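Undergrad: Quick one: the structure is below, questions incoming.
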Amino acid sequence: MHRDSEQSISARLRERLKEARRVFVLTGAGVSAESGVPTFRGGGGTAVWKGMPFSVISSAEMVEQDLLEVWAWFDYRRGIVGRAQPNPAHLTLARWQDLFAEYTLATQNIDGLHQRSGSRNVLELHGSIWRARCLRCAARKDLRTKDTGERPPKCPLCGGDMRPDVVLFGEVLPADVFARAEEAARQCDICFVIGTSAIVYPAAMLPEMARGAGAFLVEINPEATPLSAICHESLRGRAGDLLPLLDRFVVQPTVGSQSEAASETR
Ligand code: OAD
């Protein structure tokens with residue numbers, strides 16, 4: 002990938018990247034596809050676990066009806082994402098956090114691959130497969146370090162049953178996390194929407210908010226989505242190819258310029 006592929010990035014986008022100070026990124030399952038994590042839509046199959054569709058096994062009702070089966074399903078998925086490695090898309094997005102004056106990465110993914118690649122302060126709109134939450138007192142437990150294997154896990158504070166700390170069908174997003182994402186979306190000057198079908202709300206509202214507030218909107222996806230119509234640029238291809246390519250046009254800050262730029266905006 003050299004000169005030819007660089008030519009596929011428009012002069013307008015290069016200029017925007019060079020000037021960008023406040024960057025907001027929304028990612029979806031497509032950003033982890035090249036790490037071997039299956040996306041939700043596009044696989045063709047609807048039954049994902051013991052004959053149940055995703056919307057049934059990953060639902061609030063199922064937590065009430067059969068918590069152990071919900072844990073079995075998420076343990077299975079944790080096995081898949083636990084073996085996956087971050088790909089060049091995750092790595093580029095982690096690198097960008099130190100190159101822009103303000104940078105916010107919000108993800109619909111629960112796989113933790115952004116954090117594994119070094120991203121800090123990731124806004125996890127749909128929670129994390131690596132955390133459990135108490136059904137009684139809402140205390141959380143890190144499953145990477147504190148999982149005893151007991152199912153359902155017991156709350157370290159009150160002894161109650163715990164559930165996966167993810168947003169299930171029929172549930173609302175964590176309000177504080179969404180509010181922070183919304184603020185960043187409304188204030189950014191460039192917004193990237195990467196690897197999401199952009200049909201699940203309210204996450205899909207974030208790029209619309211950014212666009213409405215005047216941001217330059219860039220989509221990275223091999224396929225068109227409902228958002229494509231309002232994007233300034235739609236880059237058709239894989240995130241793991243296109244992000245490293247875009248990275249060549251991001252200007253390295255000179256020493257000291259990051260903190261100066263950040264303080265000017267406060
Ligand atoms: P989807 O499975 O709906 O969409 C994945 C998108 O990634 C599609 O638009 C693909 O074209 C695109 N894609 C595939 N490979 C790609 C690649 N290598 N690079 C870039 N893009 C690629 O996944 P999401 O949009 O993330 O919610 O789904 C949103 C939500 O729906 C999920 O968070 C989940 C599900 O219901 C909850 O579980 C609450």
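Using my numbering, the first residue of the sequence shown is number 2, and each one after it goes up by one.
By construction, the Cβ of each residue, glycine as well, lies at the ideal position given by its N, Cα and C atoms.
For clarity, every value in this text was computed on a predicted model and none was experimentally measured.
#1: Taking its Cβ as the centre, do 16 or more other Cβ atoms sit within 10 Å of L69, making it buried, or is it exposed?
#2: Checking 8 Å against the spacing of the C-beta atoms, do V194 and L94 come in under that value?
#3: State yes or no: is the C-beta of L136 within less than 8 Å of the C-beta of L124?
#4: Looking at the strands, I want to know which residues DSSP matches up with R164.
#5: Taking the CB atoms as reference points, tell me whether E172 and A61 lie closer together than 8 Å.
#6: What three-state label does DSSP hand A182 in the structure shown?
#7: In angstroms with no decimal places, state the Cα-to-Cα distance between G80 and S11.
#8: Given a cut-off of 8 Å on the beta-carbon distance, is the pair G238 and P223 in contact?
#9: Mind checking whether the beta-carbon of A34 lies closer than 7 Å to any heavy atom of the ligand GDP?
#10: Could you tell me if Q253 is buried or exposed, where buried requires 16 or more neighbouring beta carbons within 10 angstroms of its beta carbon?
#11: Using the C-alpha atoms, what's the distance from T28 back to L244?
#12: Measuring CB atoms only, is the segment 137-146 touching the segment 155-164, in the sense that at least three cross pairs come out at less than 8 Å?
#13: Classify G37: buried if its beta carbon has 16 or more other beta carbons within 10 angstroms, exposed otherwise.
#14: What I want to know is whether the C-beta of E224 ends up closer than 7 Å to one or more non-hydrogen atoms of the ligand OAD.
#15: Does the Cβ-Cβ distance between R96 and D248 come in under 8 Å?
#16: Which residue from G213, A185, F250 puts its Cα closest to that of H233?
#17: Answer yes or no: do V64 and L169 have a C-beta to C-beta separation smaller than 8 Å?
#18: Write down the C-beta distance between R23 and A102 rounded to the nearest angstrom, noting that I regard them as a contact closer than 8 Å.
#19: Which two residues bound the contiguous beta strand (DSSP E) that contains I191?
#20: Which first and last residues belong to the alpha helix (DSSP H) in which Y104 is found?
#21: Is it buried or exposed, E151, if we count other Cβ atoms within 10 angstroms and call 16 or more buried?
#22: Starting from the Cα of D148, find the closest Cα among A133, G161, D162, S198 and give me that residue.
TA: On the basis of the coordinates in this document:
#1: exposed
#2: no
#3: no
#4: R134
#5: Yes, Cβ-Cβ distance for E172 and A61 is below 8 Å.
#6: helix
#7: 40 Å
#8: yes
#9: Questions concerning the ligand GDP fall outside what the structure shown contains, since the ligands it does hold are the ligand OAD.
#10: exposed
#11: 12 Å
#12: yes
#13: The Cβ neighbour count for G37, taken over all protein chains shown within 10 Å, is under 16; the residue is labelled exposed.
#14: yes
#15: yes
#16: When each option's Cα is compared against that of H233, the closest is G213.
#17: For V64 and L169, yes; Cβs fall inside 8 Å.
#18: Correct: roughly 7 Å between the Cβ atoms.
#19: Per DSSP, the unbroken beta strand (DSSP E) holding I191 starts and ends at 191-195.
#20: Premise fails: Y104 lies in the beta strand (DSSP E), 103-108, not in any alpha helix (DSSP H).
#21: exposed
#22: When C-alpha distances from D148 are compared across A133, G161, D162, S198, the shortest belongs to A133.
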